[in-house]
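Just below is one structure, and these are the notes that go with it.
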């Protein structure tokens, strides 16, 4: 059970919970290294690469010619979507573009079956949290381990993200995990 009793400011660079917490070390993924090249022939792979690299112009061009790419699911990366990659890149511009193009705001991806909101909360990306909320993201959605986005924010020391999620009504101050 997780209780938030006080607010402690922790640097933005702290995005993963310490190994001693109950969350797995893979909870908040990082960008692959090196990133995929936008020149790949496979359209979906190129689209995912553009999102991972933050290549906004390429994303716009690909969506103009193939609007269905916004719904593509990267099976090779545990079902992640372009929206997940835009959150990892911390690109509010790309997140807004994908949402405007019809990206599913609550799409599940990653090893723990998280939404983009889980990832944004764990990274403390309050602008992206706001954009996802405006587009109807479920603020209290749980991952495979039973954690809500506010848990990701709290476990990662992202107090502003936890506060925003609470203010938006997606979390109670004493929300319990399912474990």
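In the numbering used here, the protein residues as written are 26 to 204.
C-beta atoms are modelled at their ideal positions from N, C-alpha and C, and glycine is treated no differently.
Beta-carbon separation (whole angstroms), residue i vs residue j, contact threshold 8 Å
| i | j | result |
| --- | --- | --- |
| residue 151 | residue 186 | 6 Å |
Assigned secondary structure, residue i (DSSP; H/G/I helix, E/B strand, else coil)
| i | result |
| --- | --- |
| residue 98 | coil |
| residue 91 | coil |
| residue 152 | helix |
| residue 134 | strand |
| residue 41 | Because the pLDDT of residue 41 is 42, which lies under 50, any placement of that residue in the model is unreliable, and the number read from its coordinates should be weighed accordingly. The answer is coil: DSSP assigns residue 41 none of H, G, I, E or B. |
Rounded straight-line distance, which links the Cα of residue j to that of residue i
| i | j | result |
| --- | --- | --- |
| residue 133 | residue 81 | 23 Å |
| residue 145 | residue 181 | 11 Å |
| residue 172 | residue 128 | 23 Å |
| residue 92 | residue 71 | 14 Å |
| residue 193 | residue 162 | 11 Å |
| residue 86 | residue 79 | 13 Å |
| residue 184 | residue 164 | 16 Å |
| residue 114 | residue 73 | 12 Å |
| residue 118 | residue 170 | 30 Å |
| residue 109 | residue 99 | 10 Å |
| residue 84 | residue 75 | 6 Å |
| residue 156 | residue 149 | 13 Å |
| residue 125 | residue 188 | 26 Å |
| residue 69 | residue 140 | 20 Å |
| residue 105 | residue 77 | 11 Å |
Short Cβ contact (8 Å threshold) for residue i with residue j
| i | j | result |
| --- | --- | --- |
| residue 120 | residue 153 | yes |
| residue 111 | residue 123 | yes |
| residue 131 | residue 166 | yes |
| residue 143 | residue 174 | yes |
| residue 147 | residue 177 | yes |
| residue 97 | residue 89 | no |
Delimiting residues of the alpha helix (DSSP H) encompassing residue i
| i | result |
| --- | --- |
| residue 181 | No alpha helix (DSSP H) holds residue 181; DSSP gives it neither H nor E. |
| residue 172 | Run containing residue 172: none; DSSP gives neither H nor E here. |
| residue 80 | Where residue 80 is concerned, there is no enclosing alpha helix (DSSP H), given that its DSSP letter is neither H nor E. |
| residue 117 | 117–125 |
| residue 111 | 107–113 |
Distance cut-off 7 Å: residue i Cβ against heavy atoms of the ligand MN
| i | result |
| --- | --- |
| residue 88 | Inclusion of the ligand MN in the displayed structure is not the case, the ligand content being empty and no account of it being possible. |
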